[in-house]
């Protein structure tokens, strides 16, 4: 059997890490990368993992634009940030073939529909990464902890679970935990509990770590998570009652961590405010659910963005 | 009639401005000041007012500590910030004589009782300044706009309204608007509408002006003001329904302004989070009123303070 051909689009911390894992598992992995193109082209990625050791990931093809990809990808894995000025369809469409399975490992809720609409005949898999992983320099990725990837098909095209299962098996062969689920949308809401709390608070506090935030403002964290749970439930995704406690406990157990939104803010890059908070609040309005705390956070993040732009 | 003897304690922007106004009106005005002591001692204050012109204010006595005040003050006017580490009683007690009337021109709600308890035989007047006024350098005060001072006795000791009226007449003789009211506590809540909205938002947005905040997040401003109104009402102070609209309209008419909390934050000084937000929220809990937006702002300000200290 030929190795699976995989194209990673947006090979930042998350993309390069899973690309490196898949390459380690024997797949033919190529990357589209822009900011670190020269370094990656010359020497590949340097992966430093506290759990798996250090290794180099040399992609099969290193390209700047999706149009330059040679061959038929079995999987496209989209790992870019989702911001107001990103066009996810345009980012991938030049490499989508009839048999390409589109995977997106991205933050946010209610971000599925535009992909389903644009590629009605391709299997689309939603992926959720539970990982502490940062870019520490050009083509340098530091994997601090965790790494579990949850995958679920969202449009149930013929090949369905088989494609998710194959990808999952490849990844888990390297020691990274995976889960294939038919409740991926619930999983996305569950992840939003954490993201909607810690991402904005780390930015609005001007850079406190998850640990400092949790140690001093656990009640606020719980209120935010409860509001997200209420919205998820109104949308038809009933999360387990223990979800908040579990999230809090897991965060206490994490190393002090800078959230992705905070790293973006510190580097003066666009933040994922819309897909994490904006989409959540818009779902709440649609379902007539009150979420005053999320409303405040969203408004404050918009002020922060205004300041960032000025 | 001898000129009134007045001691200003805490002669920052507000204190030096009203001290200068009272001196202009013929009063014998002394100041306790710490940070600008040397400059004030040598050359007094330089007051630059967009409405009243520029002049120098040479205090009668310039002292570092209240204990050093010579004579019997008719009025002590306390203008310090009210923060967790300030002791208002200790700041004034060495100069309080049987006939001294204690005036406090300070931010915050529910800050009266400790003064009433500590000085049961002195008249105490609560003052509210509606003014745009900044310290621009050592002993240099810039009065940008407004200046109205509202005064009200809060313990109705014998002399009662007469003392407030006398002070008010002195100030208004210079062209600055004054009002003596028996509804000063309502006035304090009314002022809190503005303070609870614009002070935290200017800090949490990292320095946007009142104008930038209002132009982009007017709905949030209105939610905050409504929560403060609900709490005031539960405490027995029913503010006029039009208060929010008036506040919004007045703020649009103001020059773009840095709030006092923002100036403190930028200068790495303690902020008035507790008297503006903390006391408001504690009143809400006591009266069983929900205020989720104020809760969020307060929690975020505590994170901001934690970051400031670290």
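Protein chains in written order, with this note's numbering: chain A, 1033 to 1342; chain B, 1033 to 1342.
Using N, Cα and C, we set each Cβ at its ideal position, and we do this for glycine too.
What you are looking at is a predicted structure, and each value in this text was computed from that prediction instead of being measured.
Short Cβ contact (8 Å threshold) for residue i with residue j
{"i": "residue 1089(A)", "j": "residue 1076(A)", "result": "yes"}
{"i": "residue 1261(B)", "j": "residue 1229(B)", "result": "no"}
{"i": "residue 1061(A)", "j": "residue 1038(A)", "result": "yes"}
{"i": "residue 1183(A)", "j": "residue 1199(A)", "result": "yes"}
{"i": "residue 1057(B)", "j": "residue 1206(B)", "result": "yes"}
{"i": "residue 1255(A)", "j": "residue 1312(A)", "result": "no"}
{"i": "residue 1300(B)", "j": "residue 1340(B)", "result": "yes"}
{"i": "residue 1036(A)", "j": "residue 1202(A)", "result": "yes"}
{"i": "residue 1094(B)", "j": "residue 1080(B)", "result": "no"}
{"i": "residue 1179(A)", "j": "residue 1189(A)", "result": "no"}
Residue i versus residue j: straight-line alpha-carbon distance, rounded
{"i": "residue 1241(A)", "j": "residue 1048(A)", "result": "24 Å"}
{"i": "residue 1353(A)", "j": "residue 1107(B)", "result": "Since the first residue shown for chain A is 1033 and the last is 1342, residue 1353(A) is missing from the structure and cannot be characterised."}
{"i": "residue 1196(A)", "j": "residue 1130(A)", "result": "17 Å"}
{"i": "residue 1335(B)", "j": "residue 1289(B)", "result": "24 Å"}
{"i": "residue 1343(B)", "j": "residue 1117(B)", "result": "As shown, chain B starts at 1033 and ends at 1342. That puts residue 1343(B) outside it, with no answer to give."}
{"i": "residue 1078(A)", "j": "residue 1314(B)", "result": "53 Å"}
{"i": "residue 1310(A)", "j": "residue 1253(B)", "result": "19 Å"}
{"i": "residue 1286(B)", "j": "residue 1278(A)", "result": "48 Å"}
{"i": "residue 1153(A)", "j": "residue 1146(A)", "result": "13 Å"}
{"i": "residue 1150(A)", "j": "residue 1128(A)", "result": "11 Å"}
{"i": "residue 1296(A)", "j": "residue 1176(B)", "result": "37 Å"}
{"i": "residue 1034(B)", "j": "residue 1327(B)", "result": "50 Å"}
{"i": "residue 1053(A)", "j": "residue 1322(A)", "result": "42 Å"}
{"i": "residue 1208(A)", "j": "residue 1084(A)", "result": "9 Å"}
{"i": "residue 1105(A)", "j": "residue 1308(B)", "result": "59 Å"}
{"i": "residue 1282(B)", "j": "residue 1273(B)", "result": "15 Å"}
{"i": "residue 1055(B)", "j": "residue 1087(B)", "result": "11 Å"}
{"i": "residue 1280(B)", "j": "residue 1231(B)", "result": "14 Å"}
{"i": "residue 1342(B)", "j": "residue 1342(A)", "result": "27 Å"}
{"i": "residue 1135(B)", "j": "residue 1298(A)", "result": "45 Å"}
{"i": "residue 1317(A)", "j": "residue 1317(B)", "result": "27 Å"}
Best match in the options for proximity to residue i [C-alpha to C-alpha]
{"i": "residue 1204(B)", "options": "1223(B), 1060(B), 1044(B) and 1050(B)", "result": "1050(B)"}
{"i": "residue 1119(A)", "options": "1143(A), 1196(A) and 1129(A)", "result": "1143(A)"}
{"i": "residue 1066(B)", "options": "1055(B), 1170(B) and 1148(B)", "result": "1170(B)"}
{"i": "residue 1132(A)", "options": "1155(A), 1141(A), 1186(A) and 1116(A)", "result": "1155(A)"}
{"i": "residue 1216(A)", "options": "1271(A), 1314(A) and 1057(A)", "result": "1271(A)"}
{"i": "residue 1139(A)", "options": "1151(A), 1317(A), 1115(A) and 1146(A)", "result": "1115(A)"}
{"i": "residue 1238(B)", "options": "1338(A), 1320(A), 1081(A) and 1070(A)", "result": "1338(A)"}
{"i": "residue 1224(A)", "options": "1249(A), 1126(A) and 1264(A)", "result": "1264(A)"}
{"i": "residue 1141(B)", "options": "1232(B), 1035(B) and 1227(B)", "result": "1227(B)"}
{"i": "residue 1276(A)", "options": "1087(A), 1342(A) and 1251(A)", "result": "1251(A)"}
{"i": "residue 1068(A)", "options": "1177(A), 1096(A), 1280(A) and 1273(A)", "result": "1096(A)"}
{"i": "residue 1126(A)", "options": "1148(A), 1100(A) and 1135(A)", "result": "1100(A)"}
{"i": "residue 1165(B)", "options": "1087(B), 1055(B), 1298(B) and 1082(B)", "result": "1082(B)"}
Beta-carbon proximity list for residue i, same chain, < 7 Å, skipping 5 on both sides
{"i": "residue 1123(A)", "result": "1041, 1098, 1110 and 1112"}
{"i": "residue 1167(A)", "result": "1044, 1045 and 1173"}
{"i": "residue 1092(B)", "result": "1060, 1061 and 1062"}
{"i": "residue 1214(B)", "result": "1184"}
{"i": "residue 1259(B)", "result": "1323, 1325 and 1326"}
{"i": "residue 1269(B)", "result": "1217, 1218 and 1221"}
{"i": "residue 1267(B)", "result": "1315 and 1319"}
{"i": "residue 1121(A)", "result": "1146 and 1150"}
{"i": "residue 1193(A)", "result": "1185 and 1212"}
Cut-off 8 Å between Cβ atoms - residues of its own chain near residue i, not counting five sequence neighbours on either side
{"i": "residue 1284(B)", "result": "1243 and 1246"}
{"i": "residue 1137(A)", "result": "1046, 1047, 1050, 1109, 1110, 1111, 1159, 1160, 1161 and 1181"}
{"i": "residue 1236(B)", "result": "1329, 1332, 1333 and 1336"}
{"i": "residue 1148(A)", "result": "1156, 1186 and 1187"}
Distance cut-off 7 Å: residue i Cβ against heavy atoms of the ligand MN
{"i": "residue 1295(B)", "result": "Here there are no bound small molecules, and the ligand MN is not part of this structure."}
Contact set for residue i: own chain, Cβ-Cβ below 6 Å, skip 5 residues either direction
{"i": "residue 1305(A)", "result": "1333"}
{"i": "residue 1186(B)", "result": "1144, 1156 and 1158"}
{"i": "residue 1233(B)", "result": "1245"}
{"i": "residue 1071(A)", "result": "1170 and 1171"}
Chain E contact for residue i (CB, 8 Å cutoff)
{"i": "residue 1239(A)", "result": "The displayed structure is made up of protein chains A and B, and chain E is not among them."}
Kindly provide the ranges of any beta strand (DSSP E) runs that are 3 or more residues long and lie completely inside the region 1069 to 1135 of chain B, ordered along the chain.
1077 to 1081, 1085 to 1089 and 1107 to 1110
Enumerated in chain order, which unbroken segments of the alpha helix (DSSP H) with a length of 4 residues or greater are wholly contained in the region 1141 to 1192 of chain B?
1145 to 1150
Report the residue ranges of all beta strand (DSSP E) runs contained in full by the region 1181 to 1245 of chain B; include only those spanning at least 3 residues, in chain order.
1210 to 1212
Whole alpha helix (DSSP H) elements within the region 1256 to 1311 of chain A, 4-residue minimum:
1275 to 1285 and 1292 to 1298
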